[in-house]
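Reading through the structure tokens given below for one structure.
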Amino acid sequence: MLRKLCTLAMLIACLQANAQLNKEVKMNQFITALMQKMTLEEKIGQLNLPSVGFDVTGPILSQGVEDKIKKGLVGGVFNTYTPVAVRKLQDIAVNETRLKIPLLFGYDVIHGHRTIFPIPLGLSATWDPKLVERTARAAADEATADGLNWAYSPMVDIARDPRWGRVSEGAGEDPWLGSQMARAMVKGYQGTDYVHDNTLLACVKHFALYGAAEAGRDYNTVDMSRVKMYNEYLPPYKAAIDAGVATVMTSFNEIDGIPATANKWLLTDLLRKQWGFKGMIVTDYTAINEMMAHGMGDAKKVGELSLNAGVDMDMVGEIFLNYGADLVKSGKVSQAVIDAACRRVLEQKYKLGLFDDPYRYVNEARNKTAIMNAEKILLSKEAAIKSMVLLKNANQALPLNAAKKIAFIGPLVKDQRNLIGNWSGAGDYKKAVSIWAALEQKFGADKFLYAKGCNLVDDAGLRKRLNDHDGQIVPDEKTPDQLIAEAVQTAQQADVVVAVLGEAFGMTGEAASRSMIGLLDNQVELLKALKKTGKPIVLVLMNGRPLTLSWEDQNMEAILETWFGGTQAGPAIADVLFGEANPSGKLSMTFPRNVGQVPIYYNAKNTGRPYDENQKYTSKYLDVPNSPLYPFGHGLSYTTFGYGDIKLSKTSITPADKLQVTVNVTNTGNVEGEETVQLYIRDLVGSITRPVKQLRRFEKVTLKKGESREVSFTLTVEDLKFFNSDLKWVAEPGDFHVFVGTNSQEVKQAAFSLK
Ligand code: BGC
Numbered sequence: 001m002l003r004k005l006c007t008l009a010m011l012i013a014c015l016q017a018n019a020q021l022n023k024e025v026k027m028n029q030f031i032t033a034l035m036q037k038m039t040l041e042e043k044i045g046q047l048n049l050p051s052v053g054f055d056v057t058g059p060i061l062s063q064g065v066e067d068k069i070k071k072g073l074v075g076g077v078f079n080t081y082t083p084v085a086v087r088k089l090q091d092i093a094v095n096e097t098r099l100k101i102p103l104l105f106g107y108d109v110i111h112g113h114r115t116i117f118p119i120p121l122g123l124s125a126t127w128d129p130k131l132v133e134r135t136a137r138a139a140a141d142e143a144t145a146d147g148l149n150w151a152y153s154p155m156v157d158i159a160r161d162p163r164w165g166r167v168s169e170g171a172g173e174d175p176w177l178g179s180q181m182a183r184a185m186v187k188g189y190q191g192t193d194y195v196h197d198n199t200l201l202a203c204v205k206h207f208a209l210y211g212a213a214e215a216g217r218d219y220n221t222v223d224m225s226r227v228k229m230y231n232e233y234l235p236p237y238k239a240a241i242d243a244g245v246a247t248v249m250t251s252f253n254e255i256d257g258i259p260a261t262a263n264k265w266l267l268t269d270l271l272r273k274q275w276g277f278k279g280m281i282v283t284d285y286t287a288i289n290e291m292m293a294h295g296m297g298d299a300k301k302v303g304e305l306s307l308n309a310g311v312d313m314d315m316v317g318e319i320f321l322n323y324g325a326d327l328v329k330s331g332k333v334s335q336a337v338i339d340a341a342c343r344r345v346l347e348q349k350y351k352l353g354l355f356d357d358p359y360r361y362v363n364e365a366r367n368k369t370a371i372m373n374a375e376k377i378l379l380s381k382e383a384a385i386k387s388m389v390l391l392k393n394a395n396q397a398l399p400l401n402a403a404k405k406i407a408f409i410g411p412l413v414k415d416q417r418n419l420i421g422n423w424s425g426a427g428d429y430k431k432a433v434s435i436w437a438a439l440e441q442k443f444g445a446d447k448f449l450y451a452k453g454c455n456l457v458d459d460a461g462l463r464k465r466l467n468d469h470d471g472q473i474v475p476d477e478k479t480p481d482q483l484i485a486e487a488v489q490t491a492q493q494a495d496v497v498v499a500v501l502g503e504a505f506g507m508t509g510e511a512a513s514r515s516m517i518g519l520l521d522n523q524v525e526l527l528k529a530l531k532k533t534g535k536p537i538v539l540v541l542m543n544g545r546p547l548t549l550s551w552e553d554q555n556m557e558a559i560l561e562t563w564f565g566g567t568q569a570g571p572a573i574a575d576v577l578f579g580e581a582n583p584s585g586k587l588s589m590t591f592p593r594n595v596g597q598v599p600i601y602y603n604a605k606n607t608g609r610p611y612d613e614n615q616k617y618t619s620k621y622l623d624v625p626n627s628p629l630y631p632f633g634h635g636l637s638y639t640t641f642g643y644g645d646i647k648l649s650k651t652s653i654t655p656a657d658k659l660q661v662t663v664n665v666t667n668t669g670n671v672e673g674e675e676t677v678q679l680y681i682r683d684l685v686g687s688i689t690r691p692v693k694q695l696r697r698f699e700k701v702t703l704k705k706g707e708s709r710e711v712s713f714t715l716t717v718e719d720l721k722f723f724n725s726d727l728k729w730v731a732e733p734g735d736f737h738v739f740v741g742t743n744s745q746e747v748k749q750a751a752f753s754l755k
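The sequence shown lines up with residues 1 to 755 when you count with our numbering.
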């Protein structure tokens with residue numbers, strides 16, 4: 001029977017492989033035939049990706065784009081969406097060009113398209129890849145109903161420096177968690193092979209190591225050893241490739257002294273040859289042109305370098321368009337290189353079904369039903385709730401008791417603009433529900449006290465920089481002193497104060513690095529004045545990076561991190577504050593005590609002189625402990641969880657064995673709650689130094705009050721492997737520790753060995 005089943009399974013697999021092969025053969029024949037008709041200029045045109053902005057009535061064509069499309073000199077555009085706008089451009093491509101090749105339509109669909117979900121850093125704090133996949137699925141459903149077929153997401157850059165504004169766009173510091181998120185998002189966007197017209201091409205970015213910019217300053221230099229690269233920074237990109245991501249975006253930074261966009265080792269040897277990537281490589285925005293400032297040569301030279309490195313599409317810079325043909329004619333770039341790049345662009349179009357139906361993603365009817373429908377709004381609220389991290393909760397300050405007198409204070413209480421965060425271009429902040437609106441919906445008007453307390457940003461220079469990019473921060477007519485006085489008066493009438501503070505959305509994202517990462521001075525002044533009233537203060541934070549919160553941790557009763565929670569941030573926060581939802585998010589990035597500790601991350605090396613407070617010559621600071629304020633994996637709940645000791649199925653394993661790691665987890669508090677049980681390992685001795693902890697598994701469990709559950713993880717030798725100094729993926733025999741716990745610091749420990 002088993003044999004018969006096996007043969008049947010093999011037969012099915014064989015048929016599937018065959019069908020796949022046939023599909024590919026057909027695609028190749030089609031593209032070969034098409035390319036035979038193409039001139040060199042038309043082939044190079046396919047590599048050109050201009051940005052075409054638009055207003056509500058249709059696209060605003062940047063200089064000459066319409067003309068270029070007509071001449072077959074554009075392969076795709078980005079920043080154009082809505083069925084009307086997309087149809088207008090696609091019409092030109094398929095009706096007015098010689099070969100009628102349809103365009104790709106790309107966009108920065110980052111954390112939702114019209115319905116906005118929490119920023120990616122917040123999504124990663126859910127530690128819930130299935131939920132994250134659903135948000136990407138929903139984003140793809142909306143984006144494709146809006147004419148798009150290519151999303152510039154996921155960003156999977158590992159980030160250990162919270163000064164870098166773009167930490168908000170990724171999944172934090174851990175390669176293993178980051179890989180789960182990368183896979184989930186690729187699956188969510190791409191679905192299964194574009195069988196349905198509501199899935200699109202994903203684009204993993206920024207390849208590679210962009211998150212390691214020196215000093216956290218955007219676009220800055222990166223320099224890194226290969227072992228660090230392979231073990232700590234590359235895994236999430238690789239996970240996206242293995243999940244079948246269609247496209248890869250190069251990063252702005254250099255690697256080994258060569259900008260990523262001209263780095264042949266990176267794009268061809270590693271990505272294509274070692275990892276087997278068959279999709280399309282696009283540059284980041286004018287990344288080729290920027291290589292002139294990097295000092296790589298003139299426009300023609302940088303074009304040559306990037307084509308020969310393996311780039312397929314030139315975003316905005318038009319270097320390929322302007323110099324490609326000359327480079328071929330002068331023999332600097334071979335015809336074969338252009339052909340290969342052109343083929344890879346055409347393949348994506350073919351796979352999307354654009355040659356069968358160029359208007360496949362222009363669906364006015366679906367545009368009416370898919371965008372911001374009830375299901376997506378619900379998902380937005382669910383994701384916002386699950387992303388929140390309860391950083392501190394002394395004396396059970398939270399959840400709030402609605403029977404008490406509560407004062408909501410802060411410039412973000414009634415704010416809508418900032419809720420949807422950065423990279424939410426197609427999102428309409430006016431559709432985001434503020435905390436105040438959610439409270440009114442829930443409890444009726446006039447239930448709570450309110451005062452603005454301070455401006456979101458008082459510093460005129462910073463405010464200008466933010467407002468130049470749609471910050472919309474309008475200083476209050478009242479002076480800062482008046483605002484504070486009013487807030488103090490309001491607080492005095494209350495039993496408890498909820499202060500809603502944080503960053504403006506523009507203080508995170510691209511080109512938004514900060515050298516100090518605390519709350520702004522004027523906000524801290526407000527908190528200090530409120531503190532003097534003696535009322536307990538619950539601090540609700542909206543921000544896009546780990547902040548330094550040492551003073552706040554000492555002086556606030558509770559701190560709830562809500563990131564920029566998206567369209568439904570307000571209702572989600574209201575539910576959590578009043579205990580209708582129990583927070584369960586866990587940090588995916590360490591919160592330092594002060595900025596001097598940065599870069600700080602849990603999976604660090606031990607060093608030869610590990611931290612010892614009482615020994616002078618150990619690796620430490622004189623003025624602050626090494627430990628962070630809130631470690632990776634940290635996040636409280638309205639209940640508490642107790643962990644039993646670790647039980648191992650064996651204490652010694654061979655490479656063929658499986659190791660069962662079991663713990664008993666009990667809800668020891670008073671309400672139902674969800675815990676993320678985290679498993680870490682440590683390889684005690686290695687041929688290269690190994691991190692003190694590495695995340696290898698996690699599982700979310702929901703437990704009723706008093707309920708216990710055995711949580712069991714299976715480890716194999718694969719989980720013990722790393723890249724050694726020859727960059728070989730190996731597990732070395734020896735002793736290991738395994739840790740299970742509620743965050744990366746509070747853990748139970750056991751030991752085993754690998755024979
Ligand atoms: C960013 C990318 C983005 C691209 C297109 C660049 O400046 O680095 O993440 O996808 O612009 O908007």
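Glycine included, C-beta positions come from ideal geometry on N, C-alpha and C. Keep in mind it's a predicted model, so treat the numbers as computed, not measured.
message: If you reduce the DSSP assignment to three classes, tell me which class T144 lands in.
response: The residue labelled residue 144 in the question sits at position 144 within the sequence shown. Reduced to three states, the DSSP call for T144 is helix.
task: Pull up the CB-CB distance for M507 and L560, whole angstroms please, since I reckon it's below 8 Å.
output: Walking along the sequence shown from the start, residue 507 turns up at place 507. Walking along the sequence shown from the start, residue 560 turns up at place 560. The Cβ separation is near 19 Å, so there is no contact.
task: On a CA-only basis, which of A460, D298, V488 is nearest D476? Give me that one, please.
output: Working through the sequence shown from its first residue, we reach residue 476 at position 476. Of the candidates A460, D298, V488, the one whose C-alpha sits nearest the C-alpha of D476 is A460.
message: DSSP has P259 in a bridge; who is on the other side?
response: Residue 259 sits at position 259 when you count from the first residue of the sequence shown. Paired residues: E254.
message: What does the Cβ neighbour count give for T57, buried or exposed, with the cut at 16 atoms within 10 Å?
response: Stepping through the sequence shown from its first residue, residue 57 is reached at position 57. Bear in mind that the predicted position of T57 carries a pLDDT of just 49, short of 50, making it unreliable; the figure below should be weighed with that in mind. The residue in question, T57, is exposed, as its Cβ has fewer than 16 Cβ neighbours within 10 Å.
query: What did DSSP end up calling F564 once you bin it into helix, strand or coil?
result: Taking the sequence shown and counting its residues from 1, one reaches residue 564 at position 564. Here F564 sits in coil by DSSP.
task: May I ask whether a heavy atom of the ligand BGC can be found less than 6 Å away from the beta carbon of Y285?
output: Locating residue 285 in the sequence shown gives position 285, counting from the first residue. Yes, the Cβ of Y285 comes within 6 Å of a heavy atom of the ligand BGC.
query: Within 10 angstroms of its Cβ, does E24 collect 16 or more other Cβ (buried), or is it exposed?
result: Your numbering for residue 24 matches position 24 in the sequence shown. So E24 counts as exposed.
- prompt: Taking 6 Å as the cut-off, does the CB of Y152 come closer than this to any heavy atom belonging to the ligand BGC?
  reply: Working through the sequence shown from its first residue, we reach residue 152 at position 152. The answer is yes for Y152.
query: Rounded to the nearest angstrom, how far is the Cβ of V488 from that of G75, given a contact under 8 Å?
result: If you number the sequence shown from 1, residue 488 lands on position 488. If you number the sequence shown from 1, residue 75 lands on position 75. The pair is not a contact, with the Cβ atoms about 60 Å apart (cut-off 8 Å).
- request: Please name the residue in E290, I420, D157, L270 whose C-alpha comes closest to that of A756.
  value: Nothing can be reported for residue 756: it is not among the residues displayed for the chain, which extend from 1 to 755.
message: Three Cβ pairs or more, each shorter than 8 Å: is that satisfied between the stretch 81-95 and the stretch 388-396?
response: no
query: Just to confirm, does D108 get its C-beta within under 6 Å of one of the non-hydrogen atoms of the ligand BGC?
result: The count along the sequence shown starts at 1 and reaches residue 108 at position 108. D108 Cβ: within cutoff of the ligand BGC.
- request: Measure the beta-carbon distance from P154 to N363 and round it to whole angstroms, keeping in mind my assumption that it falls under 8 Å.
  value: Here residue 154 is taken as the residue at index 154 of the sequence shown, counted from 1. Here residue 363 is taken as the residue at index 363 of the sequence shown, counted from 1. With a Cβ gap of about 25 Å, P154 and N363 do not count as contacting.
message: For Y602 and S330, I'd like the C-alpha separation in whole angstroms.
response: Position 602 of the sequence shown holds residue 602. Position 330 of the sequence shown holds residue 330. Cα to Cα, the separation comes out at about 52 Å.
DSSP three-state assignment for W265, whether helix, strand or coil: Taking the sequence shown and counting its residues from 1, one reaches residue 265 at position 265. Correct three-state label for W265: helix.
message: Do I517 and L539 count as a contact pair if the criterion is CB distance below 7 Å?
response: Position 539 of the sequence shown holds residue 539. Position 517 of the sequence shown holds residue 517. Their beta carbons are not under 7 Å apart, which means L539 does not touch I517 by this criterion.
- prompt: Under the three-state reduction of DSSP, which class applies to V56: helix, strand or coil?
  reply: As a position in the sequence shown, residue 56 is number 56, starting the count at 1. Confidence at V56 is low in this model, with a pLDDT of 46, below 50, so its placement is unreliable and the value that follows should be read with caution. Looking at V56 - three-state DSSP - the assignment turns out to be coil, as it is neither helix nor strand.
task: Kindly identify the DSSP beta-bridge partner or partners of Q660.
output: Indexing the sequence shown from 1 puts residue 660 at position 660. Bridge partners of Q660: T714.
query: Where in the stretch 615-640 do unbroken runs of the beta strand (DSSP E), each at least 3 residues long, occur, reported from the N-terminal end onward?
result: none
field: Euclidean distance between Cα positions of H148 and F78
entry: Translated into positions along the sequence shown, residue 148 becomes position 148. Translated into positions along the sequence shown, residue 78 becomes position 78. Inspection of the sequence shows that residue 148 is occupied by Leu rather than by His. Approximately 9 Å, taken between the alpha carbons.
field: Span separating the alpha-carbon of V747 from that of G741
entry: Along the sequence shown, read from residue 1 onward, the residue named residue 747 stands at position 747. Along the sequence shown, read from residue 1 onward, the residue named residue 741 stands at position 741. The alpha-carbon atoms of V747 and G741 are separated by roughly 4 Å.
query: Using a Cβ-Cβ cut-off of 6 Å (strictly less than) and excluding sequence neighbours within five positions of D495, which residues of its own chain qualify?
result: By 1-based counting over the sequence shown, the position of residue 495 is 495. Cβ neighbours of D495 beyond the five flanking positions: K404, K405.
task: Could you check which residue in V156, G191, T199 has the C-alpha nearest to that of Y210?
output: To locate residue 210, count along the sequence shown from 1; it is residue 210. Minimum Cα distance to Y210 is reached at V156.
message: From the DSSP secondary-structure annotation, give me the bridge partner or partners of E675.
response: Within the sequence shown, numbered from 1, the residue matching residue 675 stands at position 675. Paired residue(s): V701.
- prompt: What's the gap between the Cα of Y189 and the Cα of Y230?
  reply: By one-based count along the sequence shown, residue 189 stands at place 189. By one-based count along the sequence shown, residue 230 stands at place 230. Cα-Cα distance, rounded: 26 Å.
query: For the beta strand (DSSP E) that contains I319, what are its first and last residues?
result: Your numbering for residue 319 matches position 319 in the sequence shown. Here I319 belongs to no beta strand (DSSP E); instead the alpha helix (DSSP H) covers 319-329.
query: Do the stretch 125-134 and the stretch 205-224 make contact, defined as three or more Cβ pairs closer than 8 Å?
result: no
message: Once DSSP output is grouped into helix, strand and coil, what is the label at L15?
response: Here residue 15 refers to the residue found at position 15 when the sequence shown is read from its first residue. Looking at L15 - three-state DSSP - the assignment turns out to be helix.
task: Pair every Cβ in the stretch 120-129 with every Cβ in the stretch 166-173, then say whether three or more of these pairs are closer than 8 Å.
output: yes
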